[in-house]
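Enquirer:
Protein chains: 2
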Amino acid sequence: MKSSHKEKEQFVFVLAETEMELIPHEILSERSVVATGKERGKKTSNLILDASYHHSAMKELKEGERRGRPDIAHFFLMMCLDSRLNQMGKLKTIIHTRNDERISISPETRLPPSYHRFIGLMENLFQNRVVPSKDNPLLRIENGWLLNDVLRSEKCERIIILDSDGTEESPEEIFESKKTARTAIVIGGFPNGSLHSELSSLETEKLSLGKEMLKVWTVASEMLIAAYNSITKP
Amino acid sequence: MKSSHKEKEQFVFVLAETEMELIPHEILSERSVVATGKERGKKTSNLILDASYHHSAMKELKEGERRGRPDIAHFFLMMCLDSRLNQMGKLKTIIHTRNDERISISPETRLPPSYHRFIGLMENLFQNRVVPSKDNPLLRIENGWLLNDVLRSEKCERIIILDSDGTEESPEEIFESKKTARTAIVIGGFPNGSLHSELSSLETEKLSLGKEMLKVWTVASEMLIAAYNSITKP
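Residue numbers (numbering that gives the first Met the number 0), protein chains in the order written: chain A, 0 to 233; chain B, 0 to 233.
#1: With respect to the alpha helix (DSSP H) encompassing Ser31/A, which residues constitute its N-terminal and C-terminal limits?
#2: What are the residues that DSSP puts in a beta bridge with Asn135/A?
#3: Note down the Cα distance separating Met0/A from Met77/B, rounded to an integer number of angstroms.
#4: Leu206/B: which of Thr217/B, Thr96/B, Ile159/B sits nearest, CA to CA?
#5: Please identify the residue among Pro69/B, Ile93/B, Arg68/B whose C-alpha is closest to the C-alpha of Leu80/B.
#6: Thinking C-alpha only, which one of Leu223/B, Phe12/B, Val33/B, Leu150/B is nearest Ile22/B?
#7: Drop a sphere of 10 angstroms on the beta-carbon of Met19/B, count the other beta-carbons inside from all chains shown, and report buried for 16 or more, exposed for fewer.
#8: Which whole-angstrom value describes the C-beta separation of Leu48/B and Gly67/B, a residue pair presumed to lie in contact below a C-beta threshold of 8 Å?
#9: Less than 9 Å between CB atoms is the rule here; does His195/A satisfy it with respect to chain B?
#10: Quick check on this structure: which residue in Leu124/A, Gln86/A, Thr108/A has the alpha carbon closest to the alpha carbon of Glu100/A?
#11: What does a CB cutoff of less than 7 Å around Asn98/A pick up in its chain, not counting 5 residues either side in sequence?
#12: Quick one, are the C-beta atoms of Met87/B and Thr217/B less than 9 Å apart?
#13: Please report the residue range of the alpha helix (DSSP H) in which Ala56/B lies.
#14: Counting only beta-carbon atoms, is Lys178/B nearer than 9 Å to chain A?
#15: Check each residue of the segment 42 to 65 of chain B: if its Cβ is closer than 9 Å to any Cβ of chain A, include it; give the result in chain order.
#16: What distance in whole Å lies between the Cβ atoms of Val149/A and His95/A, which are believed to be in contact at a cut-off of 8 Å?
#17: Let me confirm a value: Ala226/B is counted as buried when at least 16 other C-beta atoms fall within 10 Å, else exposed. Which label applies?
#18: In this structure, does DSSP put Ile22/A in helix, strand or coil?
#19: Taking the straight line between their C-alpha atoms, what separation do you get for Gln9/A and Asn85/A?
#20: Applying the 10 Å Cβ sphere with the 16-neighbour rule, what's the burial state of His73/A?
#21: Is Ser28/B close to chain A, meaning its C-beta is less than 9 Å from at least one C-beta of that chain?
#22: Which residues mark the beginning and the end of the beta strand (DSSP E) in which Phe12/B is found?
#23: With a threshold of 9 Å between beta carbons, is Glu175/A in contact with chain B?
#24: Check whether the segment 200 to 214 of chain B and the segment 156 to 176 of chain B are in contact - that is, three or more C-beta pairs closer than 8 Å.
#25: Does the CB of Asp162/A have a neighbour CB from chain B at under 9 Å?
#26: Could you check the C-alpha separation between Asn228/A and Met222/A for me, to the nearest Å?
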């Protein structure tokens, strides 16, 4: 990651408690999991959990109905990395996972739009900790990062948590004041429910884009565009 | 499709010359194609062409370097169907394909975010012409629709073609005038190059969102949000 970016990244988009993980040990010998391993020629313990393949096996898992959604991370990253905000060097993109890993993504990263290639890349990342290589660590995963610590380490003046229970504001209103503040935008990386993380030691603003249920990629694109407009439009 | 929607759909988003098709007959017996058929338990002639699986076989195809990109249609549809514009009943979404098929999508459709399920649904659509059923035709595919005819049949007052060679305007400027006009937004559903379709008998506006190369889903999300703002903001 180029240090020159550090100064300029005004917006830090964090996908929080993202439902992306390797197959949990409790279900390593389940039929659908073994089948995926065989099909892909990989050890089952090196596979990413995917609800669309492993749904039946996941019934036994705690919170099984919300886990195994790497597709949400894929959509989110495609929206962030291809956004104008990223093109102008003003965006830092971070994935925080359900198991308190932090995945740092270099803004120059070009992810595969093909889902199965994205999954292959993530499996490579979980196994090797950096991809494509140590010399060129476009993506890096580290253990032991509570969401609270991820946010604290970014030293943002504002931390905005998007939550359907929050105060309703339009994306434009959110950025109207404090146009120059370094701002974290936190979006939950799961299909339903709310954040579990303990954040009470941080000053956060809990905001909602409205009463309609919006998908993660809709929220992300609205916030990316509003953030871009807030610094480029008079 | 409910007829009540017909009156209200002010914006028609068309993904044009979309690179989505069944495996062309020239490459039905190629190794990668046969492998996909075996893996999925389907006849090769009922499979959707996918560059990320069939790349080597596609070298022999005319325009092989741009074909086989159903992922673009998937991203586009997810952005459109989950947009606020669609939620408020103001959006009609259409896919026009490289083989001049028209795919009509009911605004109530909830597509699978999982890519392989989306592909399964498209294969079902190409085979059965409607999905999920004739009684509930959320998606319908019809042959023999030139892009020109698709656009003409929508009876729009404005037809905006997004093209990197077009006149540069911001998404907001595009909708600033003629706020109440029924407007078609045409975005190319291919990874590179430009539209081939003959549209000279239609009055169109060729516009560009800027010099940077933007992905289809970035362009779609910017236009969806600007269209929504143009009718909801003072």
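Quick reminder that beta carbons are idealized off the backbone N, C-alpha and C, glycines included.
Here the structure is a predicted model, which means the values were calculated and not measured.
Expert: In short, the structure shows the following:
#1: As a working note, residue 31/A is residue 32 in the first sequence. Taken as a continuous stretch (DSSP letters only), the alpha helix (DSSP H) holding Ser31/A covers 30 to 39.
#2: For the purposes of this step, residue 135/A is taken as residue 136 along the first sequence, with counting starting at 1. According to DSSP, which records beta bridges pairwise, Asn135/A is partnered with Ser132/A.
#3: Start at 1 with the first residue of the first sequence, and residue 0/A comes out as number 1. Start at 1 with the first residue of the second sequence, and residue 77/B comes out as number 78. Its pLDDT being 42, under 50, Met0/A is placed unreliably in this model, and the coordinates cannot settle the point.
#4: Taking the second sequence and counting its residues from 1, one reaches residue 206/B at position 207. Ranking Thr217/B, Thr96/B, Ile159/B by Cα distance to Leu206/B puts Ile159/B first.
#5: Counting from one through the second sequence, the residue named residue 80/B turns up at place 81. It is Ile93/B whose Cα lies nearest to the Cα of Leu80/B.
#6: Along the second sequence, read from residue 1 onward, the residue named residue 22/B stands at position 23. Nearest option by C-alpha distance: Val33/B.
#7: Position 20 of the second sequence, counting from 1, holds the residue named residue 19/B. It is buried - the Cβ of Met19/B has at least 16 other Cβ atoms within 10 Å.
#8: Position 49 of the second sequence, counted from the start, is the residue given in the question as residue 48/B. Position 68 of the second sequence, counted from the start, is the residue given in the question as residue 67/B. Yes, they are in contact, since the Cβ atoms of Leu48/B and Gly67/B sit about 4 Å apart, within 8 Å.
#9: Counting from 1 along the first sequence, the entry for residue 195/A is found at position 196. So, not an interface residue.
#10: Residue numbering aside, residue 100/A sits at position 101 when the first sequence is read from its first letter. Nearest option by C-alpha distance: Leu124/A.
#11: Translated into the one-based positions of the first sequence, residue 98/A becomes position 99. For Asn98/A, where only same-chain residues beyond five positions count, the Cβ hits under 7 Å are Glu20.
#12: Stepping through the second sequence from its first residue, residue 87/B is reached at position 88. Stepping through the second sequence from its first residue, residue 217/B is reached at position 218. Cβ atoms of Met87/B and Thr217/B: not closer than 9 Å.
#13: Residue mapping note: residue 56/B aligns to position 57 of the second sequence, counting from 1. Note, Ala56/B: alpha helix (DSSP H), 50 to 57.
#14: To locate residue 178/B, count along the second sequence from 1; it is residue 179. Not one chain A Cβ lies under 9 Å of Lys178/B.
#15: Asp49, Ala50, Ser51, Tyr52
#16: Looking up residue 95/A in the first sequence gives position 96. Looking up residue 149/A in the first sequence gives position 150. Confirmed, about 5 Å.
#17: Within the second sequence, numbered from 1, the residue matching residue 226/B stands at position 227. Buried, because 16 or more other Cβ atoms sit within 10 Å of the Cβ of Ala226/B.
#18: On the first sequence, position 23 is the one that residue 22/A refers to. Three-state result, Ile22/A: coil.
#19: As a position in the first sequence, residue 9/A is number 10, starting the count at 1. As a position in the first sequence, residue 85/A is number 86, starting the count at 1. One C-alpha to the other measures close to 10 Å.
#20: For this step, residue 73/A is matched to residue 74 along the first sequence. The residue in question, His73/A, is buried, as its Cβ has 16 or more Cβ neighbours within 10 Å.
#21: Within the second sequence, numbered from 1, the residue matching residue 28/B stands at position 29. False, the Cβ-Cβ gap to chain A never drops below 9 Å.
#22: Translated into the one-based positions of the second sequence, residue 12/B becomes position 13. First-last of the beta strand (DSSP E) with Phe12/B: 10 to 17.
#23: Within the first sequence, numbered from 1, the residue matching residue 175/A stands at position 176. Closer than 9 Å: no.
#24: yes
#25: By 1-based counting over the first sequence, the position of residue 162/A is 163. With 9 Å as the cut-off, Asp162/A does not count as an interface residue toward chain B.
#26: Along the first sequence, read from residue 1 onward, the residue named residue 228/A stands at position 229. Along the first sequence, read from residue 1 onward, the residue named residue 222/A stands at position 223. Straight-line Cα distance between these residues: approximately 10 Å.
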